[in-house]
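Chains as they are written, first to last, in the numbering used here: chain D, 1 to 334; chain P, 1001 to 1334. Everything on this sheet refers to the single structure shown next.
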């Protein structure tokens, strides 16, 4: 045991707007004792995801909200310390829903093995984890991408967007990213290989994408919603697909979220807009993970993580996702 | 020749909002003389369609706008008077883009034959014409309807909606219509066979549909947009399909059209929203028309037309489509 005590981040109150320090209760707690079928895991990396904001609101969504007083839900990767499940033994490396805490006591059957010889802990939460699966199934299944089409992705410097750019390039597509600020745009072009990247903070997104893809857009992978979604709806080609992956622009003010007023462009262009939840594809993760791991091994795919340290920084680090303050997959090392 | 003069309705000025009397110029004109390949047709029935409003605005849409000074575009059915196209001879019954006028001079190759032993002129503009094709391809192709699913359709007393109800019932579906006023709702249930019809003028649409279909909606066929579209997005089942056929609620104020603020329900329910333009399916019309004609013949499908008389009434009759003043397919007999 590395720690005599666990340290946890629990939901103290439901936020209005952006979560703040008072949203959370951070405390030392006794180390949990695994029961039959359970495993105690030392958490090495915690995944911070835009979807977390949605989990804090009451009401119907694709998964239940985090309850008041509960440890904040999070994907994580770590090392087994104790096991009362025959599947696992101390020293095994695993990932799963470990929560925002230093030590997690979870059911063994809810964990997956990870091989840290292939990639470090944090990468299993990024391109090999849920963001990677989201990019792969969103682009290829929901977006039904065909070789050589034109693709636009927003939040292109993020965990999902950065991989969407690279996967689309690997299929011979013309790819334009949208990101905030010159540093992120440079990253998207120079590291991820996009043909162009439009800086929504300083450029007219519609004009920029239109100049880069004068023939229009076959697949728009939307991570942000709002005005950028509206702008892209005006640039669709016939039979285009809009993949609704998220809407960062609205997560902190869901009641006032903006609908795309020009959704009738879907009619004009015979286009579709489709949402998805990546967990539906869980049975097929190995297929996607194998392709991404091959790309990592041969250098065709670059992973970028933004790793922060210290579990107590969680309340300050999480909002970076909504202000665009992170560079690549945001991971907390507790 | 029945008339020594033609009478035409031309676009005089582009309307702001609802088209009014001053949108149009109605006049007597010389009878056009068919040139090589052309045919002179006596127009017996003119189709009035919600999409007409969109054709009056400048700008990009699925077809070019009607030009200022041009005869108003309209589908029509009639009888050949003179022909300089070997395909047609006087007395043939035809349909095509005849415009809002008494005598139309058009290219013979743009006409289709109709058999008025099967159905009268006006019906070829309704369930056997573009509205019928719109219902059939929207429901079965875009909506990918499966037997026994749950279906909701707005403007259910209209030309498209009424047939959507009947086609879905013919596939063993549970069908709920949405229409304006008790008379229309009675029509939708008693004549078209819907399991229920919600009166949006006096009932809470969301509550009404939810009560009729407590398990949710597999296919929502949207003819109206606006608040009703938003309400239906909250009732979607997993993998639901929203067919975007039109948006009557927004046609007369396109700049202020309302986007569905809750489009993220598409994500929660892994659902899609897809637009279409029926003309894309023109090569397959015979397939749809054959099924509908069989239904008419054996009584399984009922057609309802609202036939008005006199070409000079066009400016007053057209707005009925946007105020809900028509009962069934609106046709003008010039």
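Glycine residues also receive a C-beta, built at the ideal position from the N, C-alpha and C atoms.
Assuming residue 132 of chain D contacts residue 85 of chain D under a Cβ cut-off of 8 Å, what Cβ separation, rounded to an integer in Å, is found between them? The pair is not a contact, with the Cβ atoms about 26 Å apart (cut-off 8 Å).
Sorted by chain position, which residues of the same chain lie with C-beta nearer than 8 Å to residue 278 of chain D's C-beta, five sequence neighbours on each side aside? Once the five neighbours on either side are set aside, the close Cβ partners of residue 278 of chain D are 130, 133, 134, 137, 138.
Is residue 329 of chain D buried or exposed, if buried means 16 or more other CB atoms sit within 10 Å of its CB? It is buried - the Cβ of residue 329 of chain D has at least 16 other Cβ atoms within 10 Å.
Assigned secondary structure, residue 1295 of chain P (DSSP; H/G/I helix, E/B strand, else coil): In the displayed model, residue 1295 of chain P falls within a helix according to three-state DSSP.
Using Cβ-Cβ distances below 8 Å, what residues of the stretch 262-286 of chain D are close to chain P? When CB distances to chain P are screened at a threshold of 8 Å, the residues of the stretch 262-286 of chain D falling below it are 262, 263, 264, 265, 266, 267, 268, 269, 270, 271, 272, 273, 274, 275, 276, 277, 280, in chain order.
Check distances from the C-beta atoms of the stretch 210-238 of chain D to those of chain P and list, in chain order, the residues that come in under 8 Å. The residues in question are 225, 230.
Taking just the CA atoms, how far does residue 303 of chain D sit from residue 281 of chain D? Those two C-alpha atoms are separated by around 22 Å.
Validate contact between the stretch 312-330 of chain D and the stretch 41-55 of chain D using beta carbons, cut 8 Å, 3 pairs: The stretch 312-330 of chain D is in contact with the stretch 41-55 of chain D.
Please go through the same chain and pick out, in chain order, the residues whose beta-carbon is closer than 6 Å to the beta-carbon of residue 185 of chain D, but skip the five residues on each side of it. Shown here for residue 185 of chain D: same chain residues with a beta carbon closer than 6 Å to its own, the five before and five after excluded, namely 179, 197, 199 in chain order.
Buried or exposed: residue 1049 of chain P, going by 16 or more other Cβ atoms within 10 Å of its Cβ? Buried, since its Cβ has 16 or more Cβ neighbours within 10 Å.
Where DSSP assigns a beta bridge to residue 27 of chain D, which residues make up the other side? Beta-bridge annotation (DSSP): residue 27 of chain D is paired with D:8.
Rounded C-alpha distance that separates residue 223 of chain D from residue 1157 of chain P: The alpha-carbon atoms of residue 223 of chain D and residue 1157 of chain P are separated by roughly 39 Å.
Taking its Cβ as the centre, do 16 or more other Cβ atoms sit within 10 Å of residue 1002 of chain P, making it buried, or is it exposed? The pLDDT assigned to residue 1002 of chain P is 48, lower than 50, so where the model puts this residue is not dependable; a value taken from the coordinates is nonetheless given after this. Its Cβ having fewer than 16 others within 10 Å, residue 1002 of chain P is exposed.
Whole-angstrom distance between residue 286 of chain D and residue 314 of chain D, CA atom to CA atom: If I take the Cα positions, the gap works out to 30 Å.
Only counting runs of 3 or more residues, tell me where the beta strand (DSSP E) segments fall wholly within the stretch 1106-1149 of chain P, in order along the chain. If we require 3 residues or more, the stretch 1106-1149 of chain P turns out to have no beta strand (DSSP E) run fully inside it.
Would you say the beta carbon of residue 240 of chain D comes nearer than 7 Å to a heavy atom of the ligand SAH? The ligand SAH is absent from the structure shown, which contains no ligand whatsoever.
Does any residue of chain P bring its CB to less than 8 Å from the CB of residue 61 of chain D? At least one CB of chain P lies nearer than 8 Å to the CB of residue 61 of chain D.
For residue 1259 of chain P, go through chain D and note every residue whose CB falls closer than 8 Å to its CB, in chain order. Around residue 1259 of chain P, the beta-carbon contacts reaching into chain D at under 8 Å are 230, 258, 259, 260, 261, 262, 263.
Is residue 1178 of chain P close to chain D, meaning its C-beta is less than 8 Å from at least one C-beta of that chain? No, residue 1178 of chain P does not count as interfacial toward chain D.
Which runs of the beta strand (DSSP E) spanning at least 3 residues fall entirely within the stretch 1262-1325 of chain P, listed in chain order? Under the rule that a run must span 3 or more residues, the beta strand (DSSP E) segments found entirely inside the stretch 1262-1325 of chain P read 1272-1275, 1305-1309.
Assigned secondary structure, residue 1058 of chain P (DSSP; H/G/I helix, E/B strand, else coil): DSSP, read as helix, strand or coil, puts residue 1058 of chain P in coil.
For a cutoff of 8 Å on Cβ pairs, would you count residue 244 of chain D as touching chain P? Chain P, which has a Cβ nearer than 8 Å to the Cβ of residue 244 of chain D, makes this yes.
Relative to the alpha-carbon of residue 265 of chain D, which residue among P:1270, P:1266, P:1259, P:1269 has its alpha-carbon at the smallest distance? Minimum Cα-Cα distance from residue 265 of chain D among the listed residues P:1270, P:1266, P:1259, P:1269 corresponds to P:1259.
Measuring alpha carbon to alpha carbon, tell me which of P:1290, P:1061, P:1232 ends up nearest residue 1271 of chain P. Checked all of P:1290, P:1061, P:1232; the closest Cα to residue 1271 of chain P is P:1232.
Are residue 1230 of chain P and residue 1261 of chain P closer than 8 Å when you measure CB to CB? In this structure, residue 1261 of chain P lies closer than 8 Å to residue 1230 of chain P by Cβ.
Below 8 Å, can you find three or more Cβ-Cβ pairs linking the stretch 21-30 of chain D to the stretch 81-95 of chain D? No, the stretch 21-30 of chain D does not touch the stretch 81-95 of chain D.
Residues near residue 1034 of chain P by beta carbon distance below 6 Å, same chain, minus five either side: Cβ neighbours of residue 1034 of chain P within its own chain (closer than 6 Å, five residues either side excluded): 1040, 1082, 1084, 1105.
Does the Cβ of residue 188 of chain D have 16 or more other Cβ atoms within 10 Å, making it buried, or fewer, making it exposed? Taking a 10 Å sphere around the C-beta of residue 188 of chain D, we find 16 or more other C-beta atoms and assign the residue as buried.
Under 7 Å Cβ to Cβ from residue 119 of chain D, same chain only, skipping five residues before and after it: list those, please. Residues 128, 296 of the same chain have their beta carbon placed closer than 7 Å to that of residue 119 of chain D, with the five preceding and five following residues left out of the count.
Am I right that residue 217 of chain D and residue 153 of chain D are in contact with their C-beta atoms under 8 Å? What's the rounded C-beta distance? The C-beta separation of residue 217 of chain D from residue 153 of chain D comes to about 10 Å, leaving the pair out of contact by the 8 Å criterion.
I need the straight-line Cα distance from residue 1121 of chain P to residue 1289 of chain P, nearest angstrom please. If you take the alpha carbons of residue 1121 of chain P and residue 1289 of chain P, they lie about 15 Å apart.
To the nearest angstrom, report how far apart residue 269 of chain D and residue 72 of chain D are at their CA atoms. One C-alpha to the other measures close to 42 Å.
Classify residue 1112 of chain P: buried if its beta carbon has 16 or more other beta carbons within 10 angstroms, exposed otherwise. The Cβ neighbour count for residue 1112 of chain P, taken over all protein chains shown within 10 Å, is under 16; the residue is labelled exposed.
Let me make sure I understand the geometry here. Which of D:237, D:96, D:220 has the alpha-carbon closest to that of residue 143 of chain D? The residue from D:237, D:96, D:220 with its alpha-carbon nearest to that of residue 143 of chain D is D:220.
C-beta contact flag for residue 101 of chain D and residue 23 of chain D at 8 Å: Contact flag unset, no.
Bridge partners of residue 333 of chain D, per DSSP? Paired residue(s): D:309.
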